[in-house]
Structures are given as C-alpha cells and as structure tokens.
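Residue numbers (this note's numbering): 84 to 463.
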C-alpha cells in the first residue's frame, strides 16, 4: 500500500507539472502568420471592450499633420520637422499566451504611434546596456557623448537613468527645438520659460520630447549606427516583424559619425517622425516584453534589464524607463492589476502588457479618455 501511495503521488505530481507547463506554454508566431483561438477557449469575452473601441474613435482629424499642429498650438516655435501620415480608423489586437484571440479594424495598416516610440527607444538603451556599450545606467552621459551636448555644470551631471526616466531637466537646444518650449506652463511667458530655475537631475519628472530626442542622439553616438538598424537587427527581425515599419527623425536631425551621415531618430511624433508601424508588429513587440525579453527560447533582452525598466522612478510612480506603470499613483487605472505596464501615444495608441495573465493588448485611435474604461471591460 505504501508503494502504491508513492506511485499515485508521483503520478499526480507529474500530471500537475505537465498541466502547469501546458498552462504556461507561450506561442510565438512565425513571420506573416498568427494562430487564432476563440477567446471562449480561455473563458474570456472581449466583445464589450471591442464595441467600446470601435464606437469611440479618436475625435481629432485623420490628417495627423493638422491634429499635431492643433494639439501643440500653445508651444512657441512648434513646427512639423518630420514626416506625418494620414491615419486609419480604430484597430486593435488582443493576445492570450501569444495566440490571437481578438482583433478589430485593419491590423496590417502602418500608422504613426507617437510616444509609443519611446518604449522602442528605451529598448535600444537596454540593448546598449546588454552589450556593455553603456557600462552603467547611472554613468554620466558626458562620458560617452563628448561634444557640447552635455557640457556645463548642470547638463554634465545627467545620467542615462535620468534621460530614461525623464527627470534629467536637460537644458539646451537640439535640432532647432529648445527644451523650455516643449509643453511649457500656460501660466507664464517666454521670458519666464527661458530663465527658469533648473531642477537638479533626478529630482523632477517632466515629459519632454526634446530631452527624449537627446537620448536618441546619445544612443546613436554609442552604437555608431542608426537606431532603426539596431532595432531591426536585434529585435524586429528576431520577433518576425514585417518589413513595413519605419522609424523616422527630422529633416534637420542629421549628423556625421565615423565619416558617415546618419539620421538621429525622434522618440515620438510631436513634430512628426517617430515610429510608423502596424498593429500586428506592435503586438509582437508587446509579446516579447510579456515573455521577459525571451522570444521562443532566444533571450533578446536580459530579463533583469526588463525588470529594471518597469520599476517606478523616484520622481513618478507611474513611469519607468519610458514605460507607463499601473502602480499606485495619479495615472493608475482603477481595479486593474498594479503590475500591468504599457506604452502610450498621442491619439489613443497603446501597447498594454500583463505578464500575470499572459495578455498583450494593442489599441489604435481610441479616444484617450476612454482607455481606462476599455481596459476595465477587458478584465471585468
């Protein structure tokens, strides 16, 4: 009887182990294909969420050049410097364990993603850390970029971590744009903006595309080749993304490195440019992060660095290395798991990653005020 009990116990353990493996199995789509599964097979129903997304299209013009100019009309000297593209309608994808369990709209259409680009940009920084091109995220950037970009008592203190967390308060001009002219306070004027007191790096969060572009320029100097090429070789090709995505800079954001003329890309579409990509490729990128940087057995980004990238920063509990976090804070989505993180861009572009439930949610051109309600309908 004793032997029998041991055998039964062993059998149960093996079966539980196999069930656990089965439950945790993640599917990775090959190029140009995606296996679909009925959400009901996972006891899921996304019909209400999809109806909400389709019924609440972003309300501004489909001519994104006009939408950008209207959205940032209060910024002094704001202009379009990079390409723009007329957008499509609402679209989205939901993945469960990597399988496509819901989609709506044209998921193959290439559109601008605006600040979703920032999460792609921070990924190239993780690659630089993985390759030891950057020794430590707390290193001053001036040790790597020795032109005048980081000269001066203030800018010389700025580290890679400060740039990634958007708390550097870098001061200066890049590609014809001044840091103080990006999203300035409406309570004061140009003289106040120009002569403002600088915050010590690492002490004040300020969402600022000029400083994000400083990070892109700095990483270009570290890799010594265009960031779209780095992203393509190290991330997008290994995850079997399409060949249709493009990452643009500005018409004047060209520099010479090692005798070669290269474009420094932008980290958003604030002045045009940034990442132009389809919904399916966004979902692949989200799936890579859902699986902690591992794609079908190949570790493309170290898991430790991904975990570091989604830690709340000291100056904003809802922001990591250019990923938004659903931690306790002013941007938290209520009644949604606090461990969710996401990329977010102008016009209602989102990549939402839930590692606990193995979910990736991509939505395009959803009225931004509806995103919390949309996510709640996914889970409730």
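By construction, the Cβ of each residue, glycine as well, lies at the ideal position given by its N, Cα and C atoms.
It should be emphasised that the depicted structure is a prediction, and the values quoted were computed from it without experimental measurement.
- Per DSSP, residue 343 is one residue of the beta strand (DSSP E) stretching across 343–348.
- If you check the CB distance, residue 372 and residue 165 do not come in under 8 Å.
- In the three-state reduction of the DSSP assignment, residue 140 falls in the strand class, which pools E and B.
- Beta-bridge partners of residue 186 (DSSP): 176.
- Runs of the alpha helix (DSSP H) lying entirely within the region 236–270 and spanning at least 4 residues, in chain order: 243–248.
- With a cutoff of 8 Å on beta-carbon distance, residue 376 and residue 360 are scored as not near each other.
- Here residue 210 is near residue 384, since their CB atoms are less than 8 Å apart.
- Rounded to whole angstroms, the gap between the alpha carbons of residue 422 and residue 411 is 10 Å.
- Shown here for residue 344: same chain residues with a beta carbon closer than 8 Å to its own, the five before and five after excluded, namely 337, 338 in chain order.
- Between the alpha carbons of residue 154 and residue 161 lies a distance of about 11 Å.
- Between residue 350 and residue 201, the alpha-carbon positions lie close to 5 Å from each other.
- Bounds of the beta strand (DSSP E) holding residue 425 are 424–428.
- In the structure shown, residue 459 falls within a helical segment according to DSSP collapsed to helix, strand and coil.
- The alpha-carbon of residue 147 is positioned some 25 Å away from that of residue 132.
- Here residue 428 is not near residue 448, since their CB atoms are 8 Å or more apart.
- Residue 396 is bridged by DSSP to 399.
- Residue pairing by DSSP puts residue 355 in a beta bridge opposite 353.
- The alpha-carbon of residue 400 is positioned some 18 Å away from that of residue 283.
- The beta carbon of residue 313 is closer than 6 Å to those of 207, 306 in its chain, skipping five residues each way along the sequence.
- Only exposed fits residue 128, as fewer than 16 other CB atoms lie within 10 angstroms of its CB.
- Taking C-beta atoms under 8 Å as the contact rule, residue 183 and residue 118 qualify, at a distance of about 7 Å.
- The bridge partners DSSP lists for residue 284 come to none.
- Residue 357 is not a Cβ neighbour of residue 233, given a cutoff of 8 Å.
- Put simply, the region 229–244 does not touch the region 317–330. Fewer than three CB pairs are less than 8 Å apart.
- The C-beta of residue 397 has fewer than 16 other C-beta atoms within 10 Å across all chains shown, which makes the residue exposed.
- Note on residue 194: 16 or more other CB atoms within 10 angstroms of its CB, so buried under the neighbour-count rule.
- As summarised for the region 198–235, the continuous alpha helix (DSSP H) elements at least 4 residues long and confined to that stretch are 200–213, given in chain order.
- Cβ neighbours of residue 393 within its own chain (closer than 8 Å, five residues either side excluded): 403, 404, 406, 408, 424.
- Between residue 187 and residue 139, the alpha-carbon positions lie close to 13 Å from each other.
- Boundaries of the beta strand (DSSP E) harbouring residue 333: 329–340, taken from the DSSP string.
- By DSSP's assignment, residue 433 forms a beta bridge with 427, 446.
- Shown here, residue 382 sits in a strand according to DSSP, grouped into three states.
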